[in-house]
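The number in this note's numbering is simply the position in the sequence shown, starting from 1, with 868 added. To start, the structure itself, in structure tokens.
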Amino acid sequence: MPERSNPAIASDPSLVARARKEFEIFRPLVESPLVQATPLFEAWLEAYRDATEFDKELGAVAPIPEIAAVEIALKTANSGGESSSPTKRSRTTDVRWTGPRTGYEMVLLPKGTSVLGCTEGQSCGAVPRPVAEVIRTTDLWVGVYELTKAQHKAMSTATPSRHR
869 MPERSNPAIA SDPSLVARAR KEFEIFRPLV ESPLVQATPL FEAWLEAYRD ATEFDKELGA
929 VAPIPEIAAV EIALKTANSG GESSSPTKRS RTTDVRWTGP RTGYEMVLLP KGTSVLGCTE
989 GQSCGAVPRP VAEVIRTTDL WVGVYELTKA QHKAMSTATP SRHR
């Protein structure tokens, strides 16, 4: 990967704004990288690799966090979403399950590596959370959508949250 030209000087704010605007368009692909998105990731990195801003925590100019997210997504897409550990598994399709009584849909996240985190400006809030690779040692079933009150009632005798 080419080096950034001069990371000691913050880049033009309009470059950062364009980078973030384009990043938001394909952020779902970054969160679940596919090999087909590799040219998109590479083109974005080529255009915005020099996007930097002042990082208050570091007290210095640093690359925008979206760059790290795209670099990790590119690495994950090119490795087929697999961990670099010796316990590689082939990933063919998503394994889904729908509860017959509730209609609650779940997807299997096989053991391996995932990218988690949130950068400033994402819909997950104003507080940036570091983007990092997380390694799961066991498979994990996760709900595709939020659980509705009706689904909760069908599966549990406990009273669901009163928050709406």
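Every residue gets a Cβ at the ideal spot worked out from N, C-alpha and C, and that includes glycine.
Rounded to the nearest angstrom, the gap between the Cα atoms of W912 and L977 is 27 angstroms. With respect to the C-alpha of E899, the residue from K979, R917, C986 and M974 having the closest C-alpha is C986.
Within the region 880-942, complete beta strand (DSSP E) segments of at least 3 residues are found at 920-923 and 928-931, given in chain order. In the three-state scheme derived from DSSP, where H, G and I count as helix and E and B as strand, T966 is classed as strand.
Residue environment: S1024 is assigned as exposed (fewer than 16 neighbouring CB atoms within 10 Å of its CB, all protein chains considered).
For T981, the secondary structure class from DSSP, reduced to helix, strand or coil, is strand.
Contact check between the region 883-901 and the region 932-945: three or more CB pairs, one atom from each, fall below 8 angstroms, which counts as touching. Taking 9 angstroms as the cut-off, the Cβ atoms of F891 and A937 count as close. With distances taken between CA atoms, E910 lies nearest to F894 out of P968, E921, F894 and F922.
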